[in-house]
Amino acid sequence: MSTMNRGLLDRVWNSVTESQIWRSIFRHGYPDTPLNQSLVMMGNVFLHLHPVKVSRKAMKVTYTWCLGGLSFFLFLVLTITGVFLMFYFVPEQSVAYTDIQQINSAIIFGKLVRNMHRWSAHLMVVTVTLHMVRVFYHGAYKPPREFNWVIGVVLFLTTLLLSFTGYLLPWDQIGYWAITVGSNMASYAPLLGAQVHNVLAGQPVGVGQPTLIRFYTLHVIGLPLVGAVLMAVHFWRIRKDGGEAGPPPPSKREIEAARAEQAAGAQPTPAGSLN
Amino acid sequence: MATTEPRPTRTENGTAGATQKRYRTLAVVKQEAVTRVEKQLEDSVFVWPHLLVREFLAAMLMTMVLTVTSLAIDAPLRDHSNPNLTPNPAKAPWYFLGLQEILHYFPPTVAGVLIPGFVLVGLALLPYIDRNPSRAFEDRKLSITVFTIFAVFFAIATLAGSFFRGSGWQWIWPWQGVFFDL
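Take a look at the structure:
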């Protein structure tokens, strides 16, 4: 009975994987041989961000804590939940707040999706910051990875701005006054304070409808595009700069100690060794 | 370095000679990669499945944490915005509360513009300022000390601004009242 079932399953599986449709999508067999494990990484546009092989040490979860990867994953979660919220949210000051109330109370899964968007956003600020701290302590910003660190700093700023622009959108007292406090800061920029505030808020004083539409546009398209492009460069450069840095190599003192030990061991033992 | 394509010699009627071989550049191999034969092979594993399994598990774990958190805790939504009713205290988003705390001690141009500006530019320039080539902790005492002092300072300022400041930005202990929104 079971052998007959297996025979049937095998036949169905084979006819699927040997069909022209399947073979037009996947150019290789199941990745359980070194050849197919290489082909799957090189032939898949999403997987080819990764190399075929990776250093065991650099891959350790206790080395990276997955912080960069999780930041990217949170960006994806925010994009998906964000598109859902865009279906229901109109960036107009007379309806923005009630739209959020509707999402919370009348839209199926609306509250869950909005909660996920909010918590992912806060968490992303945390993971990006911790990723930066981790990279600093491992010295992974040193040559040849200097410029990727610079891109990382810009991505950090982009993350903060994405969070900041999103903060205003519910148009409640929290967002409205947090952005008022924040954008007032910009007015204190030397020389160009008033102009900077005007560009940011769309009006000379305070926060209003022009601010809402600017923050909305930046939040849903401008900054995500900047982030996506910079992320592409960031990931590409990891590969081009020699992959993950891996745990720091031994210190100067340790290298010298090892060298001294080697030299001592290599030296021919003096007189008396002839017997 | 690169294999260059030899210019095909042309016969009198303009067609390339039949025996002429053509070369194409398939890859540029850096000298170092060719010569450093004694370099030890790294202890490496296939990304499929070893790394991808870890990434998948991390993503699944994160999805579960997010879903459970979002089911348990609702995102805040206060009253409709009112330009005539300034909350006291009016706080920036949590990641700027360190700066808002510093604003309490320094003039706005310094705390609100110059300090964050210098921090960002300084961070971006870090790899060009810190010329020490070693990555070992032991060889980097200065840079690690300086960075740690800055990081701890900002963390303390952020915590103070978040949980220890009440109306009029007066110092308040968390058990006396928390003025903090996420």
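Residue numbers (our numbering), protein chains in the order written: chain A, 150 to 424; chain B, 191 to 372.
Cβ atoms here follow ideal geometry from the backbone N, Cα and C, with glycine treated the same way.
Since we're looking at a predicted model, the values are computed, not measured.
Problem set entry | Residue span of the alpha helix (DSSP H) that contains residue 246(B), given as start and end | Residue mapping note: residue 246(B) aligns to position 56 of the second sequence, counting from 1. Taken as a continuous stretch (DSSP letters only), the alpha helix (DSSP H) holding residue 246(B) covers 242-262.
Exercise. Comparing alpha-carbon positions, which option in 392(A), 155(A) and 179(A) lies nearest residue 297(A)?
Worked result: Looking up residue 297(A) in the first sequence gives position 148. Cα-wise, what sits closest to residue 297(A) is 392(A).
Problem set entry | Boundaries (first-last residue) of the beta strand (DSSP E) holding residue 203(A) | The count along the first sequence starts at 1 and reaches residue 203(A) at position 54. Per DSSP, residue 203(A) belongs to the beta strand (DSSP E) from 202-204.
Exercise. What are the residues of the stretch 205-233 of chain A that lie near chain B, defined by any Cβ-Cβ distance shorter than 8 Å?
Worked result: 205, 206, 208, 210, 215, 218, 219, 222, 223 and 226
For this session: Verify whether the separation of the beta carbon atoms of residue 202(A) and residue 235(B) is less than 8 Å.
Result: Here residue 202(A) is taken as the residue at index 53 of the first sequence, counted from 1. Here residue 235(B) is taken as the residue at index 45 of the second sequence, counted from 1. Cβ atoms of residue 202(A) and residue 235(B): closer than 8 Å.
Exercise. Is the Cβ of residue 236(B) closer than 8 Å to any Cβ of chain A?
Worked result: Taking the second sequence and counting its residues from 1, the one referred to as residue 236(B) is at position 46. Residue 236(B) counts as touching chain A.
Problem set entry | residue 173(A) - DSSP class collapsed to helix/strand/coil | Position 24 of the first sequence, counting from 1, holds the residue named residue 173(A). Helix, per DSSP.
Exercise. Can we say the stretch 345-364 of chain A touches the stretch 305-315 of chain B, given the rule of at least three CB pairs closer than 8 Å?
Worked result: no
For this session: Taking residue 227(A) and residue 252(A) to be in contact with their CB atoms under 8 Å, please state how far apart those CB atoms are, rounded to whole angstroms.
Result: As a first step, residue 227(A) must be located in the first sequence, where it is residue number 78. As a first step, residue 252(A) must be located in the first sequence, where it is residue number 103. That pair is no contact at about 16 Å.
For this session: With distances taken Cα to Cα, identify the nearest neighbour of residue 213(A) among 413(A), 408(A) and 397(A).
Result: Translated into the one-based positions of the first sequence, residue 213(A) becomes position 64. Nearest C-alpha to residue 213(A): 397(A).
Problem set entry | Any 3 or more C-beta pairs closer than 8 Å across the stretch 285-299 of chain A and the stretch 290-299 of chain B | no
Problem set entry | Opposing strand residues paired with residue 357(B) [DSSP bridges] | Within the second sequence, numbered from 1, the residue matching residue 357(B) stands at position 167. According to DSSP, residue 357(B) bridges with nothing at all.
Exercise. Hey, would you say residue 343(A) sits closer than 8 Å to residue 336(A), going by beta carbons?
Worked result: What you label residue 343(A) is simply residue 194 of the first sequence in a count that begins at 1. What you label residue 336(A) is simply residue 187 of the first sequence in a count that begins at 1. Contact: yes.
Exercise. When you compare each of 180(A), 161(A) and 309(A) to residue 269(A) by their alpha carbons, which one comes out closest?
Worked result: Walking along the first sequence from the start, residue 269(A) turns up at place 120. Of the candidates 180(A), 161(A) and 309(A), the one whose C-alpha sits nearest the C-alpha of residue 269(A) is 309(A).
Exercise. Does the distance from the C-beta atom of residue 303(B) to that of residue 339(A) stay below 8 Å?
Worked result: In the second sequence, the residue the question calls residue 303(B) occupies position 113. In the first sequence, the residue the question calls residue 339(A) occupies position 190. The answer is yes: Cβ separation under 8 Å.
For this session: Put residue 165(A) into one of helix, strand or coil per three-state DSSP.
Result: Your numbering for residue 165(A) matches position 16 in the first sequence. Here residue 165(A) sits in helix by DSSP.
Exercise. What residues from chain A crowd round residue 290(B), counting only those whose CB sits closer than 8 Å?
Worked result: By 1-based counting over the second sequence, the position of residue 290(B) is 100. Result: 330.
Problem set entry | Short Cβ contact (8 Å threshold) for residue 332(A) with residue 306(A) | Your numbering for residue 332(A) matches position 183 in the first sequence. Your numbering for residue 306(A) matches position 157 in the first sequence. It is not a contact, given that the beta carbons lie outside the stated cut-off.
For this session: Check distances from the C-beta atoms of the stretch 313-329 of chain A to those of chain B and list, in chain order, the residues that come in under 8 Å.
Result: 313, 316, 319, 320, 321, 322, 323, 324, 325, 326, 327 and 329
Exercise. From which residue to which residue does the alpha helix (DSSP H) around residue 332(A) run?
Worked result: In the first sequence, residue 332(A) corresponds to position 183, counting from 1. Note, residue 332(A): alpha helix (DSSP H), 322-335.
Exercise. Does any residue of chain B bring its CB to less than 8 Å from the CB of residue 167(A)?
Worked result: One-based indexing of the first sequence puts residue 167(A) at position 18. Judged by the 8 Å Cβ criterion, residue 167(A) is not in contact with chain B.
For this session: Tell me, please, whether the CB atom of residue 290(A) is closer than 8 Å to any CB atom in chain B?
Result: Working through the first sequence from its first residue, we reach residue 290(A) at position 141. Closer than 8 Å to some Cβ of chain B, the Cβ of residue 290(A) qualifies, so yes.
Exercise. Among the residues of its own chain, which have a CB less than 6 Å from the CB of residue 311(A), if the five just before and after it don't count?
Worked result: On the first sequence, position 162 is the one that residue 311(A) refers to. Cβ neighbours of residue 311(A) beyond the five flanking positions: 372.
Exercise. Sorted by chain position, which residues of the same chain lie with C-beta nearer than 6 Å to residue 324(B)'s C-beta, five sequence neighbours on each side aside?
Worked result: For the purposes of this step, residue 324(B) is taken as the residue at position 134 of the second sequence. Closer than 6 Å at the Cβ level, and outside the excluded window around residue 324(B), lies no residue.
Exercise. Does the distance from the CB of residue 237(A) to the CB of residue 256(A) come in under 8 Å?
Worked result: Numbered from its first residue, the first sequence carries residue 237(A) at position 88. Numbered from its first residue, the first sequence carries residue 256(A) at position 107. For residue 237(A) and residue 256(A), yes; Cβs fall inside 8 Å.
Exercise. If you drop the 5 nearest sequence neighbours on each side, which residues of the same chain put their C-beta closer than 7 Å to that of residue 353(B)?
Worked result: Numbered from its first residue, the second sequence carries residue 353(B) at position 163. Excluding residues within five positions, the ones whose Cβ falls inside 7 Å are 364, 368 and 370.
Exercise. Whose C-beta lies closer than 7 Å to the C-beta of residue 288(A) among residues of the same chain, with five residues either side of it excluded?
Worked result: Position 139 of the first sequence, counting from 1, holds the residue named residue 288(A). These residues qualify, in order along the chain: 397.
Exercise. Is it buried or exposed for residue 174(A), if we count other Cβ within 10 angstroms and need 16 for buried?
Worked result: Here the question's residue 174(A) lines up with position 25 in the first sequence. It counts as exposed.
For this session: Could you check which residue in 267(A), 352(A), 400(A) and 246(A) has the C-alpha nearest to that of residue 231(A)?
Result: Position 82 of the first sequence, counting from 1, holds the residue named residue 231(A). Residue 231(A) has its Cα closest to that of 267(A), out of 267(A), 352(A), 400(A) and 246(A).
Problem set entry | Where the alpha helix (DSSP H) containing residue 400(A) begins and where it ends | Along the first sequence, one-based indexing puts residue 400(A) at 251. Segment: none, residue 400(A) is in no alpha helix (DSSP H) and carries neither H nor E.
Exercise. I think residue 276(A) touches residue 223(A), with their Cβ atoms under 8 Å apart; what is that distance to the nearest whole Å?
Worked result: Taking the first sequence and counting its residues from 1, the one referred to as residue 276(A) is at position 127. Taking the first sequence and counting its residues from 1, the one referred to as residue 223(A) is at position 74. Yes, they are in contact, since the Cβ atoms of residue 276(A) and residue 223(A) sit about 6 Å apart, within 8 Å.
For this session: Check whether the Cβ of residue 317(B) lies closer than 8 Å to any Cβ atom in chain A.
Result: Numbered from its first residue, the second sequence carries residue 317(B) at position 127. Yes, residue 317(B) counts as interfacial toward chain A.
Problem set entry | Cα-Cα separation, residue 314(A) to residue 411(A) | The residue you call residue 314(A) lines up with position 165 of the first sequence. The residue you call residue 411(A) lines up with position 262 of the first sequence. Their Cα atoms are separated by approximately 59 Å.
Exercise. With 16 other CB atoms within 10 Å as the buried threshold, where does residue 210(A) fall?
Worked result: For the purposes of this step, residue 210(A) is taken as residue 61 along the first sequence, with counting starting at 1. Exposed, because fewer than 16 other Cβ atoms sit within 10 Å of the Cβ of residue 210(A).
For this session: Taking 8 Å as the cut-off, decide whether the C-beta atoms of residue 200(A) and residue 388(A) are in contact.
Result: Here the question's residue 200(A) lines up with position 51 in the first sequence. Here the question's residue 388(A) lines up with position 239 in the first sequence. Yes.
Problem set entry | Boundaries of the alpha helix (DSSP H) in which residue 235(B) is found, first to last residue | On the second sequence, position 45 is the one that residue 235(B) refers to. Segment 234-236 is the beta strand (DSSP E) holding residue 235(B); no alpha helix (DSSP H) there.
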